[in-house]
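Visitor: Per this note's numbering, the sequence shown starts with residue 5, numbered consecutively. In this text, a Cβ means the ideal position worked out from N, Cα and C, and glycines have one as well. Input: one structure, supplied below.
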Amino acid sequence: MLEDLKKAVYEANMMLPKHNLVTFTWGNVSGIDRESGIFAIKPSGVPYEELSPEKMVLVNLEGKVVEGDLNPSSDTPTHVELYKAFSDIGGVVHTHSIYATSWAQAGRDIPCYGTTHADYFYGNIPCLRVLTKEEIEDAYEKNTGLLITDYFEKSGRKPLEVPGVLCKNHGPFAWGKDPAEAVHNAVVMEVCAQMAYQCELINSHVAPAPQSLQDKHYSRKHGANAYYGQKKK
Numbered sequence: 005m006l007e008d009l010k011k012a013v014y015e016a017n018m019m020l021p022k023h024n025l026v027t028f029t030w031g032n033v034s035g036i037d038r039e040s041g042i043f044a045i046k047p048s049g050v051p052y053e054e055l056s057p058e059k060m061v062l063v064n065l066e067g068k069v070v071e072g073d074l075n076p077s078s079d080t081p082t083h084v085e086l087y088k089a090f091s092d093i094g095g096v097v098h099t100h101s102i103y104a105t106s107w108a109q110a111g112r113d114i115p116c117y118g119t120t121h122a123d124y125f126y127g128n129i130p131c132l133r134v135l136t137k138e139e140i141e142d143a144y145e146k147n148t149g150l151l152i153t154d155y156f157e158k159s160g161r162k163p164l165e166v167p168g169v170l171c172k173n174h175g176p177f178a179w180g181k182d183p184a185e186a187v188h189n190a191v192v193m194e195v196c197a198q199m200a201y202q203c204e205l206i207n208s209h210v211a212p213a214p215q216s217l218q219d220k221h222y223s224r225k226h227g228a229n230a231y232y233g234q235k236k237k
């Protein structure tokens with residue numbers, strides 16, 4: 005069932021150790037088939053070297069396992085909420101990558117200091133509030149997803165323009181149009197987090213890049229007037 009999806013999600017998960025985004029089993033990727041409303045996700049706690057497409061777990065948008073002998077990632081309820089709220093996304097990734105997680109633990113947004121960041125994220129990468137004691141004790145993973153979706157609903161920002169956030173004292177979540185793009189965005193977030201950290205070490209009074217420069221670089225790659233790369237024939 006959904007063999008191509010399981011293969012794509014497996015391959016996306018294997019990109020995490022390749023790009024140094026995970027230590028041990030600290031991360032997961034999922035991808036959804038919108039027609040069926042079923043997504044594939046990494047099994048909980050299984051080392052990456054033991055994964056295969058067949059071990060990906062299929063889950064519906066009620067959080068119920070529909071295929072697979074292994075338990076799905078413990079973050080599955082977070083993925084459910086993101087897929088339910090963000091209809092344009094096709095993949096979700098969560099890691100504890102070092103630099104992005106450091107900003108999350110510090111409780112700080114990642115400012116847009118340059119064009120590398122602006123090419124992928126329109127504006128700062130937000131660090132959301134820490135969950136309350138009640139939210140942590142009652143449906144922690146679901147409430148993490150609701151925290152993220154509530155931020156976008158209230159802020160008016162668009163999930164595909166800001167394809168990732170930090171959850172305070174926790175770590176980064178990213179997404180994209182498919183599992184591979186979600187991982188791509190997670191890699192970019194980690195690089196931008198490292199660059200921002202080093203930038204502040206070099207100049208503690210650094211200011212964000214001018215808005216005009218941010219707008220130019222984002223619009224070069226995204227939207228109706230994008231001109232970066234090759235045109236599709």
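#1: Mapping DSSP to helix, strand and coil, what is Leu-135?
#2: With Leu-170 as the anchor, note down where its beta strand (DSSP E) starts and where it stops.
#3: Please say whether Gln-218 and Cys-131 have beta carbons closer to each other than 8 Å?
#4: Just the C-alpha distance for Asn-189 and Glu-141, rounded to the nearest angstrom, thanks.
#5: Just to confirm the assignment: which complete alpha helix (DSSP H) runs, minimum length 4, are found wholly within the region 138-213?
#6: Can you tell me the Cα-Cα spacing of Leu-151 and Glu-39, whole angstroms?
#7: Can you say whether His-209 is buried or exposed, counting buried as having 16 or more other CB atoms within 10 angstroms of its CB?
#8: Quick one: which unbroken beta strand (DSSP E) runs of 3-plus residues sit fully inside the region 26-72? Chain order, please.
#9: Check whether the Cβ atoms of Thr-119 and Gly-175 lie closer than 8 Å to each other.
#10: Please classify Pro-200 as buried or exposed, where buried requires at least 16 other C-beta atoms within 10 Å of its C-beta.
#11: In the DSSP assignment, what are the bridge partners of Val-2?
#12: Return helix, strand or coil for Pro-130, following the three-state DSSP convention.
#13: Is the number of C-beta pairs between the region 46-60 and the region 213-227 that are closer than 8 Å three or more?
#14: Counting pairs of beta carbons, one from the region 177-194 and one from the region 83-95, are three or more of them closer than 8 Å?
#15: When we look at the beta-carbon of Pro-76 and count the other beta-carbons within 10 Å, is it buried (16 or more) or exposed?
#16: Which partner residues does Ile-114 have in the DSSP bridge list?
#17: Hey, could you find the ends of the alpha helix (DSSP H) His-221 is sitting in?
#18: Return the bridge partner residues of Pro-76 from the DSSP annotation.
#19: Is the beta carbon of Phe-156 less than 8 Å from the beta carbon of Pro-163?
Guide: So, from the data block:
#1: coil
#2: 168-171
#3: no
#4: 30 Å
#5: 144-159, 183-206
#6: 26 Å
#7: exposed
#8: 31-37, 42-45, 61-64, 69-71
#9: no
#10: The identity of residue 200 in the sequence shown is Ala, whereas the question assumes Pro. Ala-200 is buried by the Cβ-count criterion.
#11: Residue 2 cannot be examined here, being either before or after the span of the chain that is shown, 5 to 237.
#12: coil
#13: no
#14: yes
#15: buried
#16: Ile-129
#17: 215-225
#18: Pro-47
#19: yes
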